[in-house]
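Numbering (the working numbering), first residue to last: 1 to 188.
In structure tokens:
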């Protein structure tokens, strides 16, 4: 997969080299192959990955004419509604993905939850229990080696900061197209 962003190309190379999941529900798709379920946004987004197993999508928000898509904000397009700013750029989203936490989005908000279980059944941690992403340690190492980035300790901090920073331009853009997207929690 060759894309207009070297960062996404590197991710595709990593993706092709692992046999199992490295981020919950995450799966690369052909860049811009569909509209993420939001045809009214199709001229300003480029979907590039499934965000959940149920059909939510990550897409670049083409808010300006930058050549490298990896420097543009990343949106979460919810399969049950809601469009949210997930990260200020692709490297920031990679930190969110490396956390191993699962996205859950609706009309009001986007949150990430730690669904891993330790051996004793407790949530979170690095025990020997259920881990939906056995390749996550390899992904974390790749992220550190390739970009000098660490996994987000709490991906919700990244999502909230990106949502706050981009609230005004996001609301101005999305409001006329999907009015429900600016209700409740706003752009975040």
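Yeah, the Cβ is synthetic: ideal placement off N, Cα and C, and Gly gets one too.
Enclosing alpha helix (DSSP H) for residue i [first to last residue]
i	result
residue 57	Segment 57 to 61 is the beta strand (DSSP E) holding residue 57; no alpha helix (DSSP H) there.
residue 17	Looking at the DSSP string, residue 17 is not in any alpha helix (DSSP H), and its letter there is neither H nor E.
residue 145	136 to 147
residue 158	155 to 165
residue 91	90 to 98
Inter-residue spacing [alpha-carbon to alpha-carbon] between residue i and residue j
i	j	result
residue 166	residue 19	36 Å
residue 66	residue 73	11 Å
residue 24	residue 172	31 Å
residue 107	residue 69	26 Å
residue 98	residue 59	18 Å
Helix, strand or coil at residue i [DSSP, three-state]
i	result
residue 46	strand
residue 35	coil
residue 103	strand
residue 168	helix
Beta-carbon gap between residue i and residue j smaller than 7 Å
i	j	result
residue 46	residue 28	no
Beta strand (DSSP E) segment containing residue i, residue limits
i	result
residue 110	110 to 113
residue 76	74 to 77
residue 87	83 to 87
Top-ranked residue by Cα proximity to residue i, from the options
i	options	result
residue 162	34, 80, 143, 76	76
residue 181	26, 80, 134, 17	80
residue 13	149, 143, 153, 169	143
residue 132	145, 116, 146, 150	116
residue 63	92, 174, 150	174
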